[in-house]
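Just remember that the numbering used here sits 72 ahead of the position in the sequence shown, which is counted from 1. Glycine included, every Cβ here is placed at the ideal spot set by N, Cα and C. Report on the following structure.
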Amino acid sequence: MTITAHRTDVTGAPEASGETGVIEVRFSAIGTTAALVVTDPAAASAAEAMLRADLAELDRVCSRFRADSEIRELERTAGSPVTVSPLLAEIVDTALRAAQLTDGIVDPTVGTAMAALGYDRDFAALNVDGPPVVAVPAPGWWRISWDPRSREILLPHRISLDVGATAKALAADRAAARIAAKLRCGVLVNLGGDLAVAGPPPARGWRVLIGDDHTHPDPDGGHGVAIASGALATSGTARRQWRRGGDLMHHILDPRTGAPAAGGWRTVSVAAASCVDANTASTASIVLGAAAPGWLTARGLPARLVTDAGDVHTVAGWPATAPAPAGMGVL
Numbered sequence: 073m074t075i076t077a078h079r080t081d082v083t084g085a086p087e088a089s090g091e092t093g094v095i096e097v098r099f100s101a102i103g104t105t106a107a108l109v110v111t112d113p114a115a116a117s118a119a120e121a122m123l124r125a126d127l128a129e130l131d132r133v134c135s136r137f138r139a140d141s142e143i144r145e146l147e148r149t150a151g152s153p154v155t156v157s158p159l160l161a162e163i164v165d166t167a168l169r170a171a172q173l174t175d176g177i178v179d180p181t182v183g184t185a186m187a188a189l190g191y192d193r194d195f196a197a198l199n200v201d202g203p204p205v206v207a208v209p210a211p212g213w214w215r216i217s218w219d220p221r222s223r224e225i226l227l228p229h230r231i232s233l234d235v236g237a238t239a240k241a242l243a244a245d246r247a248a249a250r251i252a253a254k255l256r257c258g259v260l261v262n263l264g265g266d267l268a269v270a271g272p273p274p275a276r277g278w279r280v281l282i283g284d285d286h287t288h289p290d291p292d293g294g295h296g297v298a299i300a301s302g303a304l305a306t307s308g309t310a311r312r313q314w315r316r317g318g319d320l321m322h323h324i325l326d327p328r329t330g331a332p333a334a335g336g337w338r339t340v341s342v343a344a345a346s347c348v349d350a351n352t353a354s355t356a357s358i359v360l361g362a363a364a365p366g367w368l369t370a371r372g373l374p375a376r377l378v379t380d381a382g383d384v385h386t387v388a389g390w391p392a393t394a395p396a397p398a399g400m401g402v403l
């Protein structure tokens, strides 16, 4: 089992500033911004409806902020084996695969640690300041008993799951593939920095602007790349920040300590064959810190890493910094 690299399809962004026949739709969903781009304008409405339906089902199944979600019901039945729905089974399997591939650096039991730091509700409703907290290490993904063939899971008591990162990336992969197959057009799905493409790309490839914040382009124009297939994911610490006892918190935790990762990377972008693989690698890199470039290089994963001070490092064939053409979407 490996993370699959996607070397050949990430290039410096072309100089052209527009693509004829390409239409983009943006809307809020699952606590982030969903962006959908299709190469056939006539397919835009149907593609948007399909993506909205996928994200509504994702939210119903695995939101840790909905009392009626399937994953919350799973926690209420902790200690007993439960057969989960096909979608939650795929989500759990994906999260546990990410944990195995990263030796637990990406761990779905980090939900317990996240709640201890005060991130226990939708971020829009979170109190951005509060009293001191004590970090709690993640209980460990290996404590979960999981049989993918029967879709049966036994979750131990006092474990809260947070599968949000890998589930969002999986949703991007699934939606892009499903829309392209049904509507027979090129598709780009971007869910808050988790980006997957499927179907025939535009003539100059899918042009993407990389930045610290997917909701606001960088004032200096940012860094642009183009891909023809596969996926990109950007993980970072600049968004979803809050304070407890005067200490700055962010949403990427080191499962070994339960504290926000302090590896020195502000943003990491990775190209891979799937969005799940790209997201797994970008998240792991934030936690790995100084070891991340070597870890990514050993796996042949093109990546762009930005330090807390703004210095840029690229590995494994990620293209050199290039000015972004006008009108590019933000990853």
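For residue i, is the classification buried or exposed, using 16 other Cβ atoms within 10 angstroms of its Cβ as the cut-off for buried?
i    : result
A106 : buried
G277 : buried
L255 : buried
D326 : buried
G283 : buried
V156 : buried
A128 : exposed
A310 : exposed
P291 : Annotation note: pLDDT 47 at P291 (below 50); position unreliable, coordinate value reported separately. The residue in question, P291, is exposed, as its Cβ has fewer than 16 Cβ neighbours within 10 Å.
L320 : exposed
G176 : buried
A119 : buried
V402 : Unreliable placement is indicated for V402, whose pLDDT of 30 sits below 50; the coordinate value is still reported in the next sentence. The residue in question, V402, is buried, as its Cβ has 16 or more Cβ neighbours within 10 Å.
S232 : buried
For a quick check, are the C-beta atoms of residue i and residue j less than 8 Å apart?
i    : j    : result
L168 : P180 : yes
R315 : H322 : no
D234 : V200 : no
L267 : A298 : no
A170 : V164 : no
L160 : C134 : yes
A241 : V348 : yes
D380 : G308 : no
G330 : P228 : no
P158 : R221 : no
V97  : L108 : yes
R144 : R136 : yes
A43  : A353 : With the chain represented from 73 up to 403, any question about residue 43 goes unanswered, as that position is not in the structure.
G185 : A207 : For clarity, residue 185 is Ala in the given sequence; the question names Gly instead. Yes.
L130 : A270 : no
A334 : I324 : no
What are the boundary residues of the alpha helix (DSSP H) that includes residue i?
i    : result
D165 : 158-173
D131 : 116-134
T352 : 347-360
D245 : 236-255
I143 : 142-148
A381 : That residue, A381, is in no alpha helix (DSSP H); it is neither H nor E in DSSP.
T329 : No alpha helix (DSSP H) contains T329, which DSSP labels as neither H nor E.
G183 : 182-188
L70  : This structure does not reach residue 70, given that the chain is present from 73 up to 403, and the question cannot be answered.
G366 : 364-370
How far does the beta strand (DSSP E) with residue i in it extend, from its first residue to its last?
i    : result
V97  : 95-101
I299 : 295-299
R338 : 337-344
A268 : 266-270
P113 : Premise fails: P113 is in no beta strand (DSSP E) and is neither H nor E.
P153 : 153-155
N262 : 259-263
R279 : 278-282
R316 : 313-316
D219 : 217-219
A275 : Taken as a continuous stretch (DSSP letters only), A275 belongs to no beta strand (DSSP E), as it is neither H nor E.
G411 : Past the edges of the chain, shown from 73 to 403, lies residue 411, and the structure says nothing about it.
Give me the Cα-Cα distance between residue i and residue j, rounded to the nearest whole angstrom.
i    : j    : result
P391 : A253 : 30 Å
T80  : D245 : Note that T80 scores a pLDDT of 40, beneath 50, so its modelled location is shaky; the value from the coordinates is reported in the next line. When rounded, the distance between both Cα atoms is 19 Å.
S346 : A303 : 5 Å
D383 : P203 : 33 Å
V387 : R371 : 11 Å
G296 : S117 : 28 Å
R279 : V110 : 13 Å
P273 : I225 : 39 Å
A364 : A114 : 43 Å
R193 : G264 : 18 Å
T369 : N351 : 16 Å
G361 : G103 : 27 Å
G366 : G389 : 13 Å
D57  : R230 : The structure shown does not extend to residue 57, since the chain is modelled only from 73 through 403, so no value can be given for it.
E162 : A247 : 14 Å
A239 : D140 : 18 Å
W218 : H385 : 38 Å
Any beta carbon of chain D sitting closer than 8 Å to that of residue i?
i    : result
I324 : The structure shown contains no chain D; it is built from a single protein chain.
State yes or no: is the C-beta of residue i nearer than 7 Å to some heavy atom of the ligand MN?
i    : result
S341 : The ligand MN is not part of this structure, which contains no ligands at all.
message: With three or more beta-carbon pairs closer than 8 Å as the criterion, would you say the stretch 208-216 touches the stretch 142-162?
response: Contact fails: fewer than three Cβ-Cβ distances are below 8 Å.
Point to revise | At least 3 beta-carbon pairs within less than 8 Å: the stretch 182-199 vs the stretch 255-273 | key: By the Cβ criterion, the stretch 182-199 is not in contact with the stretch 255-273, since fewer than three pairs of Cβ atoms, one from each stretch, lie closer than 8 Å.
Q. Would the stretch 235-252 and the stretch 120-128 be scored as touching if the rule is three or more Cβ pairs under 8 Å?
A. Using a C-beta cut-off of 8 Å, the stretch 235-252 makes contact with the stretch 120-128, since at least three inter-stretch Cβ pairs fall below that distance.
Q) Does the stretch 334-352 come close enough to the stretch 371-380 to have 3 or more Cβ pairs within less than 8 Å? A) Between the stretch 334-352 and the stretch 371-380 there are three or more inter-stretch CB-CB distances shorter than 8 Å, so the stretches are counted as touching.
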